[in-house]
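Residues 36 to 292 in my numbering are what the sequence shown spells out, letter by letter.
Here is the structure we will look at, set down as structure tokens.
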Amino acid sequence: MILTTTLAAIAFQQQAKPLTTPTLFVENLAFATYANKKWAALQGKQNFPNPFTAFSLDIGRVTENRLIYEVPFVEGVEANFIESSSGAPVLWSGPRPKYPRAIQIVNPAQADYLLVVKEFAKAQLKATPKFEVEINSIIRVDLDGDGKEEVLIEAQSKGFNGVYDFESKKYEMSCTLIRHIKNGKAVTEPIFFFTNNPEGEFNDPIQITHLKSIADLNGDGKYEVIVTANYYEGQSAAVYNLEKGTFKALVENGAGV
36 MILTTTLAAI AFQQQAKPLT TPTLFVENLA FATYANKKWA ALQGKQNFPN PFTAFSLDIG
96 RVTENRLIYE VPFVEGVEAN FIESSSGAPV LWSGPRPKYP RAIQIVNPAQ ADYLLVVKEF
156 AKAQLKATPK FEVEINSIIR VDLDGDGKEE VLIEAQSKGF NGVYDFESKK YEMSCTLIRH
216 IKNGKAVTEP IFFFTNNPEG EFNDPIQITH LKSIADLNGD GKYEVIVTAN YYEGQSAAVY
276 NLEKGTFKAL VENGAGV
């Protein structure tokens, strides 16, 4: 009886396929679809088949199809979540992602990029930051295939551990930046840049940003960059690409209060 049940379960799993409409999942949220050359944010109940398959994505790396299960829909949440045994933060149920150009992970301790982040924070705050900066990751990659490499930087105030502290007066920062050539000049632009309020007794919850994945999902030769921003009572994410020198959001979505 146990063997029969096991064989039936295996047969059921082997029938699992990618979703008909290519779909992106970010941190277990049914995030967006790509169809007719357009991205669309997903909202509400989706009725995915159980199970289906999806690729697990990292920075420049893809893992073969994993089985995915939709979790019960909760009315009022207005979002669909899934379960994955892979634990990967980004899943793509669709054609195999492509990697047309090398993606280089750089030593985050480089002094030149620390200075870039410090100067950017100073310009944003219009004052010398009251915190030290540390970089979590640096990625060099030609995003749009023009032969010029862009640099993606994920950084934060030194020692920040991602704990939401409403009473602390400690100044914190979390940011994701892109440094690239624009109109012949090297510029640093924010993808996400958040600081809390150091003046009052109550600090707004900081938003913690992360670079999650880089891959060519739609096969157009350009890389999509997936970035998340988590806050006290929710999560959000966005897909970006570089188009004619402009780093733009293709789709954004999230769940929470």
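Every residue gets a Cβ at the ideal spot worked out from N, C-alpha and C, and that includes glycine.
task = Put GLN159 into one of helix, strand or coil per three-state DSSP.
result = Taking the first residue of the sequence shown as position 1, residue 159 is located at position 124. Three-state result, GLN159: helix.
For LEU150, the three-state DSSP class (helix, strand or coil) = Numbered from 1 along the sequence shown, position 115 holds the residue referred to as residue 150. In the structure shown, LEU150 sits in a helix (DSSP, three-state: H, G or I).
message = So, at 7 Å on beta carbons, what are the nonlocal neighbours of SER248 in its own chain, with the 5 sequence-adjacent residues on each side left out?
response = Taking the first residue of the sequence shown as 1, we reach residue 248 at position 213. Excluding positions up to five away in sequence, the list reads LEU92, ASP93, ILE94, VAL125, ILE261.
key: Reference THR88; option with closest CA among ASN100, ASN82, VAL176   = In the sequence shown, the residue the question calls residue 88 occupies position 53. The residue with the shortest Cα to Cα distance from THR88 is ASN100.
inquiry  = Does the segment 143–153 come into contact with the segment 163–175, if we say contact requires no fewer than three beta-carbon pairs (one atom in each stretch) closer than 8 Å?
reply    = yes
ask   = Three or more C-beta pairs closer than 8 Å, one from the segment 130–149 and one from the segment 58–67: is that the case here?
value = no
request  = Could you check which residue in ALA290, GLY256, ASP251, GLY280 has the C-alpha nearest to that of VAL274?
outcome  = Walking along the sequence shown from the start, residue 274 turns up at place 239. Nearest of ALA290, GLY256, ASP251, GLY280 to VAL274, Cα basis: ASP251.
request  = Indicate the three-state DSSP secondary structure (helix, strand or coil) for PHE166 in the structure shown.
outcome  = Here residue 166 corresponds to residue number 131 of the sequence shown, with the count starting at 1. Reduced to three states, the DSSP call for PHE166 is coil.
message = Taking its Cβ as the centre, do 16 or more other Cβ atoms sit within 10 Å of VAL61, making it buried, or is it exposed?
response = One-based indexing of the sequence shown puts residue 61 at position 26. Looking at its Cβ environment, which holds 16 or more other Cβ atoms inside 10 Å, VAL61 is buried.
request  = Alpha carbon to alpha carbon, how far is ASN276 from GLY256? Give it in angstroms, no decimals.
outcome  = Here residue 256 refers to the residue found at position 221 of the sequence shown. Here residue 276 refers to the residue found at position 241 of the sequence shown. Their backbone Cα atoms lie some 11 Å apart in a straight line.
task = Please classify ASP181: is it buried, with 16 or more other beta-carbons within 10 angstroms of its beta-carbon, or exposed?
result = By 1-based counting over the sequence shown, the position of residue 181 is 146. ASP181 comes out exposed.
inquiry  = Suppose you measure from the CA of GLU278 to the CA of ASN85; what does that come to, to the nearest Å?
reply    = Against the sequence shown, residue 278 aligns to sequence position 243. Against the sequence shown, residue 85 aligns to sequence position 50. GLU278 and ASN85: Cα-Cα distance of roughly 37 Å.
task = Confirm, please, whether the CB-CB distance from LEU246 to GLU189 is below 8 Å.
result = Here residue 189 refers to the residue found at position 154 of the sequence shown. Here residue 246 refers to the residue found at position 211 of the sequence shown. Result yes, Cβ atoms of GLU189 and LEU246 sit closer than 8 Å.
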